[in-house]
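According to our numbering, numbering within the sequence shown proceeds without interruption in unit steps and concludes at 985.
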Amino acid sequence: MTRGCFTGDHIAMTDADFIRGLPKAELHLHIEGSLEPELMFELGRRNGIDLPFKTVDEVRAAYAFSNLQDFLDIYYQGAGVLIAEQDFHDLAMAYFRRVAADGCKHVELFFDPQTHTDRGVAFATVMDGLLAGMAEAERDLGVTSSLILCFLRHLDEDAAFVTLAQAEPYLDRISGVGLDSSEVGHPPSKFARVFAAAKAKGLKLVAHAGEEGPPAYVWEALDLLHVDRIDHGNRALEDEALVKRLAAEGMTLTVCPLSNLKLCVVEDLKDHPLKRMLALGLKATLNSDDPAYFGGYLGANWTETAAALGLSRGELVTLAKNSFTGSFLPREAVAARLAEIDAYVAGVG
Ligand code: ADE
Ligand code: ZN
Numbered sequence: 637m638t639r640g641c642f643t644g645d646h647i648a649m650t651d652a653d654f655i656r657g658l659p660k661a662e663l664h665l666h667i668e669g670s671l672e673p674e675l676m677f678e679l680g681r682r683n684g685i686d687l688p689f690k691t692v693d694e695v696r697a698a699y700a701f702s703n704l705q706d707f708l709d710i711y712y713q714g715a716g717v718l719i720a721e722q723d724f725h726d727l728a729m730a731y732f733r734r735v736a737a738d739g740c741k742h743v744e745l746f747f748d749p750q751t752h753t754d755r756g757v758a759f760a761t762v763m764d765g766l767l768a769g770m771a772e773a774e775r776d777l778g779v780t781s782s783l784i785l786c787f788l789r790h791l792d793e794d795a796a797f798v799t800l801a802q803a804e805p806y807l808d809r810i811s812g813v814g815l816d817s818s819e820v821g822h823p824p825s826k827f828a829r830v831f832a833a834a835k836a837k838g839l840k841l842v843a844h845a846g847e848e849g850p851p852a853y854v855w856e857a858l859d860l861l862h863v864d865r866i867d868h869g870n871r872a873l874e875d876e877a878l879v880k881r882l883a884a885e886g887m888t889l890t891v892c893p894l895s896n897l898k899l900c901v902v903e904d905l906k907d908h909p910l911k912r913m914l915a916l917g918l919k920a921t922l923n924s925d926d927p928a929y930f931g932g933y934l935g936a937n938w939t940e941t942a943a944a945l946g947l948s949r950g951e952l953v954t955l956a957k958n959s960f961t962g963s964f965l966p967r968e969a970v971a972a973r974l975a976e977i978d979a980y981v982a983g984v985g
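Quick look at the structure:
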């Protein structure tokens, strides 16, 4: 990472400053994964729910994961404090305040309705709380957003169909469906029919694939689910033909470096494949996944990955542009953001 230094006639801009000012979108963010321990305790108190931890430090100390399942066990437990519409609103607003400070202009956020409806929280409670937070963030912070409803893949396809039916009254406020939770053993093929039903309703399609699962799961997401984006996709790099296919189709990958580090998908950020993905012509984007659990929001993912991989300004600009061209924003909104990026780059020289 370059440091701000006096060079004679001007102060050089640090990479962190450059990144903060660069307009960017976040396309892979689980809103339940932005639940900070402080808010977890506050909501636990508000809702009379006991947590198996006494202090915020104790919670953070428990965030040592060896794999995805280790994380998911604690993530679902944490989400248990979310009960009322206000809780979902407060969760969303806490996230939007953090990410607005990182120069994020647009978010396509995942939510896991089954995590809540299976505990007796109404689908409408989740939706109304999140939508209220999203409207407030647009009004007060200038951050636009849309919702992607994720099906939990460790549950069955019938349960996903029930969730899709619950979403019916809200379809005009949901941009797409996704597939998350425990990957290995739950291939995309398990959800082919519910994804087809979602597509018939005009929804966009995304799926986690190749985070821990093999390249075959990425092929299935493409060929059986017909996704518009792949979430993660790291393990696609093991299959040359798959890389060629993803590059030829301009398929967006929503890559999450600090998540990959915390879940031991990579051993060291210096080994992260993001730079290699760009060099292979893959349309990668940079995202935070579950920032409260993985040690960094969008800005930290950008700055720490840029430092570890030595990303150039050109590569950073490509990543920012990919975050908008890979989004589900209307064409004119994308064009406006690309023009903003060009103006920003021209302005900082
Ligand atoms: N749910 C929340 N975060 C997830 C991740 N990184 N992978 C799969 N499911 C998730
Ligand atoms: Zn994810």
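Each residue gets a CB set at the ideal place from its N, CA and C atoms; glycine is no exception.
(request) Under the assumption that Leu841 contacts Val798 (Cβ atoms under 8 angstroms), give the Cβ distance between them as a whole number of angstroms. (result) Contact flag wrong, Cβ pair sits at about 19 angstroms.
(request) Check whether the stretch 686–702 touches the stretch 726–744, counting contact only when three or more Cβ pairs, one atom from each stretch, lie closer than 8 angstroms. (result) no
(message) Between the alpha carbons of Pro749 and Ala872, how many angstroms are there, rounded?
(response) 28 angstroms
(message) Classify Lys837: buried if its beta carbon has 16 or more other beta carbons within 10 angstroms, exposed otherwise.
(response) exposed
(message) So Val879 and Leu922 are supposed to be a Cβ contact under 8 angstroms. How far apart are they, rounded?
(response) Not confirmed; about 19 angstroms, so no contact.
(request) Specify whether the stretch 849–865 and the stretch 894–911 touch according to this definition: at least 3 beta carbon pairs, one from each stretch, less than 8 angstroms apart. (result) no
(message) For Phe964 and Ala843, I'd like the C-alpha separation in whole angstroms.
(response) 15 angstroms
(request) Give the DSSP-derived three-state secondary structure of Phe787 in the structure shown. (result) strand
(request) Run the proximity test for Ser670: is its beta-carbon closer than 7 angstroms to any non-hydrogen atom belonging to the ligand ADE? (result) no
(request) Could you tell me whether the stretch 779–793 touches the stretch 814–834, using the rule of 3 or more Cβ pairs below 8 angstroms? (result) yes
(request) Just tell me which of Ala737, Thr780, Phe707, Glu885 has its CA closest to the CA of Leu658. (result) Ala737
(request) Look at the alpha carbon of Ala944 and the alpha carbon of Phe701, and state the distance between them as a whole number of angstroms. (result) 21 angstroms
(request) State the start and end residues of the unbroken beta strand (DSSP E) segment that holds His752. (result) His752 -> not in any beta strand (DSSP E); alpha helix (DSSP H) instead, spanning 749–753.
(message) On a Cα-Cα basis, can you pick out the residue from Gln722, Leu745, Glu721, Ala720 that is closest to Phe732?
(response) Leu745
(message) To the nearest angstrom, how far is the alpha carbon of Ser811 from that of Asp794?
(response) 21 angstroms
(request) Output the boundary residues of the beta strand (DSSP E) element that contains Lys840. (result) 840–845
(message) Can you look up His621 in the DSSP assignment and give me helix, strand or coil?
(response) Outside the shown range of the chain, which is 637 to 985, sits residue 621, and nothing can be said about it.
(message) Tell me which residue opens and which closes the beta strand (DSSP E) that Ile866 is part of.
(response) 865–868
(message) List, from N- to C-terminal side, the beta strand (DSSP E) runs of 3 residues or more that fit wholly inside the stretch 861–913.
(response) 865–868, 888–891
(request) For the beta strand (DSSP E) containing Ala920, list its first residue and its last residue. (result) 919–922
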